[in-house]
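S.K.: Below is the structure I would like to discuss, written out as structure tokens.
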Amino acid sequence: MDRKDFLLALDDVLELDPGTLTGAETLESLDSWDSLAVISFIALVDETMNVVVEGEKLAQAKTVDDLLALAGVAVTA
């Protein structure tokens, strides 16, 4: 899955309009980034990227780009 597709999938997880996320957003600024979104993100990464996200690293994530990096998706456009 490339960056664009992963951002679209993350839009869906966060119940945002498709194309909303660019990667630069802070997680703190996203009203829909809550405990359910965290679990959904972990599941998305596991299912689509076959990557297990470590809880400690996820807790350190501050931006959507940080999430992309945890998923193994190239951060640059």
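Positions 1 to 77 (the UniProt record's numbering) are the ones given, in order, by the sequence shown.
Beta carbons are placed, not taken as given, at the ideal position from N, Cα and C, and that holds for glycine.
1. I'd like the list of long-range same chain contacts for T22, defined as Cβ closer than 8 Å, with 5 residues on each side in sequence excluded.
2. Taking all protein chains shown into account, decide if V52 is buried (16 or more other Cβ within 10 angstroms of its Cβ) or exposed.
3. So, A43 versus L14, is the Cβ gap smaller than 8 Å?
4. So, under 8 Å CB-CB, R3 and A74 are touching, yes? Tell me the CB distance rounded to an integer number of Å.
5. Answer with buried or exposed for A59, where buried requires no fewer than 16 other C-beta atoms within 10 angstroms of its C-beta.
M.R.: Short version:
1. Apart from sequence neighbours up to five positions away, the residues of its chain that approach T22 with a beta-carbon distance below 8 Å are L7 and V64, ordered along the chain.
2. V52 comes out exposed.
3. The Cβ atoms of A43 and L14 lie no closer than 8 Å to each other.
4. Between A74 and R3 the Cβ distance is about 6 Å, and since that is below 8 Å, they are a contact.
5. It counts as exposed.
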